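For the sequence shown, my numbering gives the first residue as 284, with consecutive numbering after it.
Just so you know, even glycine gets a beta-carbon here, dropped at the ideal spot from N, CA and C.
Please read these numbers as outputs of a predicted model, since none were measured by experiment.
Shown next, in structure tokens, is the structure this report addresses.
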Amino acid sequence: MLQCAAVTDVPHHEALVRRLVIMPVCTARLRELATRTVTPCAYFDHHPAPHSFHVTDPLGDLITSPTGNNEP
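Structure representation (structure tokens):
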């Protein structure tokens, strides 16, 4: 599977040339054996940060909590 990672604009004479850079996605998978679910990493291959399934969003969790008063 491929995803668009970047679009670069390069002026060539008076015309504008656009190049689409295609980068493969990361092949890492998080497998939960108890629930038998598989979560793929959503980042591009060889990304420098942790995998997308290890990234947390405390503000998003707080906003989506039913009572709105959960502390992250």
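Here DSSP, grouped into helix, strand and coil, assigns Thr318 to coil. Close CB contacts of Ser335 within its chain, under the 6 Å cut and outside five residues either way in sequence, are with Cys324, Ala325, Tyr326 (chain order). Asp328 is a Cβ neighbour of Pro307, given a cutoff of 8 Å.
The residue among Thr320, Ala311, Val321 with its C-alpha nearest the C-alpha of Ala332 is Ala311.
For Asp344, the enclosing alpha helix (DSSP H) stretches over residues 341–347.
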